[in-house]
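Going by mature numbering (1 follows the signal peptide of the UniProt record, and there is no 0), the letters in the sequence shown line up with residues -24 to -1, 1 to 153, in that order. Every residue, glycine too, gets a C-beta built ideally from N, C-alpha and C. In what follows, a structure is listed as structure tokens, so that the remarks can point back to it.
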Amino acid sequence: MRNGVATLSGWCAAALLLAVDANAGCSDELANAHVMGAGDYCVLGICLYDARLFAGGSPVGFDAPFALELTYRHGFSGRQLVRAGMHEIDRLAVEPLPDDVHAAWLADMTRALGDVEPGDTLCGVYLPAYGARFYKNGQRTEEIADPAFARAFFSIWLDPRTRAAALRGKLLGGVQQ
């Protein structure tokens, strides 16, 4: 009995450690990272995900690294995420993307984003002048060495023209840029 309790305690401790570290890879890439803002994204009263923005300092902008973490409340296929993301990138673009760039970014996003279930976390790290790294549940999924892609991708949430204006305000901690 005592061995069973000790074994169970060990498994519980290991599970707790794994849960705490599930998203560590993403924000750990940033020096002195802390949560700058957080909020949820809801459409017609249905909340799709919770978001947190990590950075080493304020204000958050495209001149310094940051990480955006999304924890999903509903399941989505990778294809749905990529399609929605590319739609927003296209919508926010000043001019239409060339076909070869559009195809490359679509392929990059397909590798970076996979299917998600409720509770899954996707996190992206913006790296100025380099690109971005992506994580799912703390495991790196893709590294994209394309600064233009990275800026376009994170603009989905941080551009003043975002469809998620209320979330943007919360992520930026009430500081409108």
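For residue i versus residue j, is the C-beta spacing smaller than 9 Å?
i           : j           : result
residue 147 : residue 27  : yes
residue 109 : residue 100 : yes
residue 197 : residue 6   : As shown, the chain starts at -24 and ends at 153. That puts residue 197 outside it, with no answer to give.
residue 48  : residue 107 : no
Using CA coordinates, which residue listed in the options is at the minimum distance from residue i?
i           : options        : result
residue 131 : 13, 113, 69    : 69
residue 85  : 23, 103, 55, 8 : 55
residue 57  : 97, 115, 119   : 97
residue 45  : 64, 102, 138   : 102
How should residue i be labelled, buried or exposed, when 16 other C-beta atoms within 10 angstroms of its C-beta is the threshold for buried?
i           : result
residue 141 : exposed
residue 105 : exposed
residue 124 : exposed
residue 154 : This structure gives no information on residue 154, because the portion of the chain shown stretches from -24 to 153.
residue 144 : buried
residue 64  : buried
residue -3  : With a pLDDT of 46 at residue -3, under the threshold of 50, the modelled position of that residue is not reliable, and no figure is offered here.
residue 36  : buried
In angstroms, rounded to a whole number, what distance separates the CA positions of residue i and residue j?
i           : j           : result
residue 82  : residue 61  : 9 Å
residue 121 : residue 71  : 22 Å
residue 51  : residue 133 : 20 Å
residue 127 : residue 21  : 29 Å
residue 136 : residue 30  : 19 Å
residue 38  : residue 9   : 16 Å
residue 80  : residue 73  : 11 Å
residue 138 : residue 91  : 23 Å
residue 32  : residue 66  : 29 Å
residue 34  : residue 13  : 11 Å
residue 25  : residue 114 : 17 Å
residue 23  : residue 93  : 14 Å
residue 116 : residue 17  : 24 Å
residue 118 : residue 19  : 28 Å
residue 15  : residue 78  : 30 Å
residue 53  : residue 59  : 10 Å
residue 11  : residue 75  : 37 Å
residue 40  : residue 112 : 22 Å
Taking 8 Å as the line, does the beta carbon of residue i fall inside it for any heavy atom of the ligand FAD?
i          : result
residue 77 : This structure lacks the ligand FAD; in fact it carries no ligand of any kind.
Taking only runs that begin and end inside the stretch 95 to 147, name each unbroken beta strand (DSSP E) of 3 or more residues, in chain order.
-> 97 to 103, 107 to 112, 115 to 120
Alpha helix (DSSP H) runs wholly inside the stretch 24 to 106, at least 4 long, in chain order | 54 to 68, 75 to 88
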